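These notes are about the structure you will find just below.
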Amino acid sequence: MILVPLVIISISADLYRFRNPSFGNFFYKIFGFLLRDHEKDHAKRNLNGATYVLIAAVITILIFPKVVAVSAFAILIISDISAALIGRRFGKIKFLSKSLEGTAAFFITACIVILLAPKVAGLPVEYLIGFTAAFIGAIAENISYGYADDNLTVPLSIGISMWVLYSLLLPNMDLVLSGVPN
1 MILVPLVIIS ISADLYRFRN PSFGNFFYKI FGFLLRDHEK DHAKRNLNGA TYVLIAAVIT
61 ILIFPKVVAV SAFAILIISD ISAALIGRRF GKIKFLSKSL EGTAAFFITA CIVILLAPKV
121 AGLPVEYLIG FTAAFIGAIA ENISYGYADD NLTVPLSIGI SMWVLYSLLL PNMDLVLSGV
181 PN
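Given below as structure tokens:
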């Protein structure tokens, strides 16, 4: 899996930028415009969001069935961006740790992803599973602020909730997408 070496390189570069000022300057010249303030904070030594995305991709692909991994990661990519854009631009009402508008944007776009994402059998209950996981993902994105990076919490919370719900509601279903290698 090509992602594992990329994760190792990304984590190494992220950690090394805090230890070596010359490398840190080089890193910030290339990637600094992409980083948020908390990712640049040398006291906190946070990994950057892209590193968390790569870590989440590896974990999601290795742990979850493909039908779950595809939905979880597609929601991360589309809905996290939607929540950030809408929340920053239109967010007025505080909801948990972020704005109601951003959280609603996350949930709505996540539901659209669920409607379009592949399903094992296309059963109505699969959509219910997806919509429930979308709601859980929206809450995870909101409450992870300040505690954990949402690029990690979103796909994992969605993946876990989908997998558990498939196991409870469709226990005999083989979670294999036709035409997709395992």
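Count the sequence shown with full-length UniProt numbering and you get residues 1 to 182, in order.
Glycine is no exception: its CB is placed at the ideal position from the N, C-alpha and C atoms.
These numbers were taken from a predicted model, which means no experiment stands behind them.
Around the C-beta of Y52, 16 or more other C-beta atoms lie within 10 Å, and the residue is accordingly described as buried. Within the DSSP secondary-structure output, K92 pairs in no beta bridge. In the structure shown, the three-state DSSP call for K44 is coil. Secondary structure of S99 (DSSP, three-state): strand. Judged by their CB atoms, S82 and T109 are nearer to each other than the 8 Å cut-off. Three or more pairs of CB atoms, one per stretch, sit closer than 8 Å, so the stretch 163–179 contacts the stretch 107–122. In this structure, DSSP gives L123 a state outside helix and strand, which the three-state scheme calls coil.
Taking 8 Å as the upper bound for CB-CB distance, N48 and L35 are in contact here, some 6 Å apart. One thing to note: F64 has its Cβ within 8 Å of the Cβ of G159. A contact is defined here as three or more CB-CB pairs under 8 Å, and the stretch 89–102 fails this definition with respect to the stretch 149–163.
A residue is called buried when at least 16 other Cβ atoms come within 10 angstroms of its Cβ; N142 meets this threshold and is buried.
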